[in-house]
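Residue numbers (our numbering): 2 to 991.
Backbone N, C-alpha and C define an ideal beta-carbon position, used for all residues, glycine too.
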Amino acid sequence: MKMKLILSTAVLFFVGGHLVEAQKTKRDTIPQDTKIDEIVVVAYGSQKRETMVGSNTEVKAKQFADRPITSIGQALDGASAGVKVSTGTGQPGSSPSIQIRGIGSYGITTNPLYVVDGTIYTGSLAAINPNDIASFNILKDAASTSLYGSAAANGVVLITTKSGRKGKDAFNFSMSTGAVGRSIPEYDRINVYQYYPLIWEAIRNGRFASNPGLGLADANNYASIVLVTGNAQYGPGVLKTNVFNVDPHQLVINGVLNPDAKLKYTDLDWQKPLMNTGFRQNYELNYSGGSNTTTYFSSVGYTNETGYLIKSDFERFTARLKVDSQVKSWLKLGTSISGVSSNGNNSVEGVDNNSAYINPYRWTRTMGPIYSPYAHDPNTFATLYDSAGNIVYDPGSARGADAAAGRNVIQETLLNKDLSKNYYIISRAYAEIKVDPYLTLSTNVGYDIRNNRRSTYGNKIIGDAAPGGSAEKYSFTEQTFTWNQLLNYKRKFNDHNFEFLLGHESYKFMYEYLYGYKKGQIVDDNDELINFVTPATLTSRTDNYRKEGVFSRLNYDYKSKYLLSGSIRWDGSSRFAKDVRWDSFWSVGAGWRLKGEEFLSNSNLISELKLRGSYGEVGNDRTDSYYMYKSTYTLGYNNAQEPGILFGFLADPTITWEANKQTDVGIDFGFLNNRITGSVEYYNRVTEDLIFPVPLPVSAGVPDNTISRNVGTMYNRGFEFSINADVIKTQNFTWNINANASTLKNQVTELTDGITEIINGTKKVSVGHSIYDYWLRQWYGVDPADGSPLFLVADAFANTTAADIRTVNGQKVTTNFNKAKYDYSGTAIPDLFGSFGTAITYKQWSLSAMFTYQLGGKTYDSNYAALMSAYSQGGALSTDILDRWTTPGQITDVPALNSSTYTSSNAGNSSRWLVSSDFITFRQATLSYSFAPETLSQLGVSGLRILVSGENLWSKTARKGLEPAQAANGTASNRYTPARVVTIGFNVSF
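See below:
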């Protein structure tokens, strides 16, 4: 065979504003007449990449194998254009939230469908060991996803697990260990010395504003008296605790902290006892190999990670076996089974318990700097210990109204318990029958089962369960069964290539739930239900979900140059009534591979060029209820021995699928023997029959005063860009750069059934706006004359003459937040988001790094708002409060501290609390060294590599403490912020 040596020419690349000359190299020696087709995993099969007309991003194991990640969901961040990741929490074992090409729905799930080895997977991503994964593919357009029909509206992620290879057996062992810490720093807050004078100032200003006739001296004296303890004349004190050794009435005089004041104790830090450095360790062992007819892969893995928050951890054991065998020339069989056991201590879920007293992230952030979590002797001020030598915690009886009086989040975190145990079986089996050289019959079966057991304990000393104590037991079992049968006919007629697929798929899901709750603990150190007296709740339920689908696909290409594809699927879902249960989903696609044309076939510059486009429709039936078409009643509302039920859910029997219609146009390119590759795409994704909770009048007597109906239409559209370049490629040194970028525009275009708007929290849904557009009180600023908070006045009050309406700089404004104008105030959706990275190798050294970024969009920072109170009664304050208004004529954006007007200054749902969502994050990096094979061969070792790897290493945001990637809708909550993980480890192969 004739071999050709291809010499790359010197080419200039423009990278990051610098000219970099590519090296001449002799390594690009793939002959032009020897072509290796790249095969890519697609829906229900595989396909040559050059003949694909859909949008399909493939990520191979080597791109995430060395990263200290627990869930494959973490590897999706930055992996592809169009994929928006809301980072997971710092809870070990947590997974992020994923959106592909925008917001697929309003009222139901926007998560993609996951498919593992050919069958649907609905379990936790944390149950899949990332080291058992060979690759994953992200399917984004209708041409790629439509064969999954009603489950594919939000995109599809195909996960392919590792298999054995024919030839010599291979044995691999890897381990890593490292530290876990906090990646998002805390907001800057004022200290104990600054705190008392600021609260004094708020009290003084409020007193003077309410009683100006009494004079400033009276206001000063009043503030000094009520600051801490109060008296019989002026009433109770505000802060209730004095940590300085001076008379509380003399603690602040005329706004200045008493110069003689010395701290009685210094243990005022609420974060240090709860947050420290966690530990991560991971061990992997796999054995693989095979003969000419049978291959096998087996693995065991162990992961143990403790979070930086105490009593949060995750431990996982995995074991897996996969066997593939060519039993006969016409018959191939395969099976795999994974067993997983995981357990851990769960931290408080901050999003669901944002303001709860048990939320450690909220109360360690917002606790005033004057309170100690520990009890002290009132005379000596020494920390108190009980008879067993245990520290005594402060019960909170001497704290202000904003400082969780009567609670102690540190003590409650230590005493309460929340433990989970999960057991998984993930099994797959397949058979392929080669009927003739063109026709293959195959079947795939998947059976997954998950059993979750969760136990919680509420202590009887302090908190919600005191004084009796409580215990809860949750248990649920999920079972999924998927069975498909496929007929694949593949034929070539001269230069014409056809592939026809016909299939049927059954999907079954069953959920069994049991819950028990009892109160009144009998003996200590026993959390079992038998140790509690009073049954409070005992309930159970079983849910069933079924889906059937019949589908077909036809692919055609001429010389791999002109490409056509079409698919259709009919799905029936048990979530909907029989009359609307079935629907069809389809796609058509076409492509023109210009590289196959004569005018480009011999081009040394252009190595790949393809135009492609597709249009199709997929659906979404993943609603919150499995019985959307049935009105239901809720049992368990009994009165003694008399049974009782309540109306639980009003259904619309005509409710049906959300339909997602998508247009996709793209160009794929490669230059210089694919030294530079990339793509540019445009998509327009229209979701019709959106399921919205339609408001009903209270008089209707309907639960939640809503009914779910198909009432809306919206679109998501945008551009996606990706590029990958081997800038330098020599025998000893390579340098690769890659980047992707995405835009997104979301807009509601139709609301029916008499609905004009739906207001939900900080958002308002209406035609012409995004579902993530903010609807807020319009903050105007601070009146330089008196420091009052100002809002644009609502039209209904603009022509009134009330005292709280004024004109500032020609603008009608109000100091009363109840009269503020509401209006749209920007959006949570960024203008641009994506990632960029690099990989460098020099001899045996290699370095890889990735950054993720976002430009545009806004975050509603309610966490910051909680630290900016104009009259904090024991709560922490941001250092930005030091910029408050104090002097007439002063220009500032922080209102005066004032106990009489603070409700307007602190008002929520205000555009004041919006902040830029721009960020850049050093997402991950890995540095490794591989020992030379000739050195290792003497030891019987085929490979040895040592490495250092890190996740969430650094980030830059508009404000210290801000976490803009927390949620796609732009809201912030007091949650367990993501962890920084840095590990060191090694891989050895035999």
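7 Å Cβ cutoff, residue i in contact with chain D
{"i": "S164", "result": "The chain inventory of the structure shown lacks chain D, comprising one protein chain alone."}
Proximity to residue i [Cα-Cα], best of the options
{"i": "T757", "options": "G150, F693, K746, L502", "result": "F693"}
{"i": "K265", "options": "P379, N621, I359", "result": "P379"}
{"i": "M851", "options": "T365, S541, W955", "result": "W955"}
{"i": "R400", "options": "D884, T242, P654, P370", "result": "T242"}
{"i": "Q663", "options": "L651, S136, K141", "result": "K141"}
{"i": "L416", "options": "S471, K329, L442, I371", "result": "S471"}
{"i": "F648", "options": "S931, I139, A701, D665", "result": "A701"}
{"i": "L1008", "options": "D584, S608, W583, S585", "result": "Not covered by the structure: residue 1008. The range shown for the chain is 2 to 991."}
{"i": "T120", "options": "Q100, Y616, V681, T481", "result": "T481"}
{"i": "W583", "options": "S561, R686, G550", "result": "G550"}
{"i": "L868", "options": "A908, N640, N132", "result": "A908"}
{"i": "G944", "options": "F172, I134, G150", "result": "F172"}
{"i": "A404", "options": "Y386, A357, L385", "result": "A357"}
{"i": "L883", "options": "S175, L530, V60, P198", "result": "P198"}
{"i": "R576", "options": "T657, W593, G971, G567", "result": "T657"}
{"i": "E433", "options": "Y512, T535, M511, K333", "result": "K333"}
{"i": "A641", "options": "V42, A537, T958", "result": "A537"}
{"i": "F792", "options": "L777, A821, T801", "result": "A821"}
Supposed close pair residue i, residue j - CB separation, criterion 8 Å
{"i": "N489", "j": "L502", "result": "5 Å"}
{"i": "V247", "j": "G238", "result": "Wrong, their Cβ atoms sit about 15 Å apart, outside the cutoff."}
{"i": "A726", "j": "R676", "result": "7 Å"}
{"i": "V229", "j": "P260", "result": "18 Å between Cβ atoms; not a contact."}
{"i": "D625", "j": "E659", "result": "No, D625 and E659 are not in contact; Cβ-Cβ is about 13 Å, not under 8 Å."}
{"i": "I104", "j": "Y773", "result": "7 Å"}
{"i": "I99", "j": "P113", "result": "6 Å"}
Contacts around residue i, its chain only, beta-carbon distance under 7 Å, and the 5 residues preceding and following it disregarded
{"i": "A973", "result": "T860, Y861, D862, S863, N864, E964, Q967"}
{"i": "N293", "result": "K167"}
{"i": "A933", "result": "Q845"}
{"i": "V16", "result": "Reliability fails at V16, whose pLDDT of 34 lies under 50, so the model's placement of it is uncertain and the value that follows must be treated cautiously. Closer than 7 Å at Cβ, skipping near neighbours: V728, I738."}
{"i": "Y514", "result": "F477, S541, R542"}
{"i": "L322", "result": "S299, S337, I338"}
{"i": "E751", "result": "G713, T714, V768"}
Residues of its chain near residue i, where Cβ-Cβ distance is below 6 Å and the 5 sequence neighbours each way are ignored
{"i": "K813", "result": "V794, A799"}
{"i": "F987", "result": "I947"}
{"i": "Y516", "result": "Y475, T540"}
{"i": "H19", "result": "Since pLDDT at H19 reaches only 34, below the 50 mark, its modelled position is unreliable, and no value is offered."}
{"i": "L565", "result": "Y557, A591"}
{"i": "K509", "result": "F482, R547"}
{"i": "T146", "result": "L140, A153, V157, V619"}
{"i": "Q92", "result": "S313, S348, Y977"}
{"i": "S992", "result": "Because the chain in this structure spans residues 2 to 991, residue 992 falls outside the shown range and cannot be described."}
{"i": "N953", "result": "S184, P979, R981"}
{"i": "S47", "result": "I40"}
{"i": "R455", "result": "S421, Y475"}
Neighbourhood of residue i by C-beta distance below 8 Å, restricted to the same chain and skipping five residues each side
{"i": "R28", "result": "Residue placement at R28 cannot be trusted, given a pLDDT of 38 that sits under 50; what the coordinates show is reported in the next sentence. Counting only Cβ-Cβ distances below 8 Å, and skipping sequence neighbours, we find K730, T731, Q732."}
{"i": "S398", "result": "A406, G407"}
Check: Between the stretch 698–711 and the stretch 805–813, are three or more C-beta pairs nearer than 8 Å?
Finding: Contact between the stretch 698–711 and the stretch 805–813 is not established, with fewer than three Cβ pairs separated by less than 8 Å.
Next item on the list: Mind the definition here: the stretch 182–197 touches the stretch 976–984 only if three or more C-beta pairs lie below 8 Å; say whether that holds.
Entry: By the criterion of at least three beta-carbon pairs nearer than 8 Å, the stretch 182–197 is in contact with the stretch 976–984.
Next item on the list: Write down every uninterrupted run of the beta strand (DSSP E) in the stretch 683–767 whose length is 3 residues or greater and which is fully enclosed by it, in chain order.
Entry: Counting whole runs of 3 or more residues, the stretch 683–767 contains the beta strand (DSSP E) stretches 707–730, 734–743, 746–752, 759–761, 764–766.
Check: Do the stretch 198–216 and the stretch 894–905 touch if we need at least three Cβ pairs shorter than 8 Å?
Finding: They touch, by the three-pair rule.
Margin query: If we require 3 or more residues per run, which beta strand (DSSP E) segments fall completely within the stretch 544–626?
Written below: Qualifying beta strand (DSSP E) stretches, in chain order: 563–574, 583–594, 607–621.
Notebook entry, point to check: Counting pairs of Cβ atoms below 8 Å between the stretch 117–131 and the stretch 580–591, do you hit three or more?
Noted result: Under the three-pair Cβ rule at 8 Å, the stretch 117–131 does not count as touching the stretch 580–591.
Item checked: Segment contact, 8 Å Cβ cut-off, at least three pairs: the stretch 461–469 with the stretch 517–529 -> A contact exists between the stretch 461–469 and the stretch 517–529.
Check: Is the number of C-beta pairs between the stretch 35–51 and the stretch 68–75 that are closer than 8 Å three or more?
Finding: Here the stretch 35–51 makes no contact with the stretch 68–75; the two share fewer than three CB pairs at distances below 8 Å.
Notebook entry, point to check: For the stretch 932–976, which segments carrying the beta strand (DSSP E) assignment without a break, of at least 3 residues, lie completely within its bounds, in sequence order?
Noted result: If we require 3 residues or more, the beta strand (DSSP E) runs fully inside the stretch 932–976 come out as 944–958.
Check: Going along the chain, which unbroken runs of the alpha helix (DSSP H) with 4 or more residues stay wholly within the stretch 817–897?
Finding: Here the runs fully enclosed are 863–866.
Item checked: Three CB pairs or more closer than 8 Å across the stretch 367–377 and the stretch 419–427 -> Put simply, the stretch 367–377 does not touch the stretch 419–427. Fewer than three CB pairs are less than 8 Å apart.
Note to self: I'd like to know if the stretch 642–657 and the stretch 671–685 are in contact, where contact means that at least 3 CB-CB pairs between them fall below 8 Å.
What the structure shows: No, the stretch 642–657 does not touch the stretch 671–685.
Next item on the list: State whether the stretch 346–365 contacts the stretch 269–276, with contact taken as three or more CB pairs (one from each stretch) at a distance under 8 Å.
Entry: Under the 8 Å Cβ criterion, the stretch 346–365 counts as touching the stretch 269–276, having at least three qualifying pairs.
Notebook entry, point to check: Which ranges does the alpha helix (DSSP H) cover as unbroken runs of at least 4 residues, wholly within the stretch 133–185, from first to last along the chain?
Noted result: The stretch 133–185 contains these whole alpha helix (DSSP H) runs: 143–146.
Next item on the list: Mind listing, in chain order, the continuous alpha helix (DSSP H) runs of no fewer than 4 residues lying wholly within the stretch 329–364?
Entry: Within the stretch 329–364, no complete alpha helix (DSSP H) segment of 4 residues or longer occurs.
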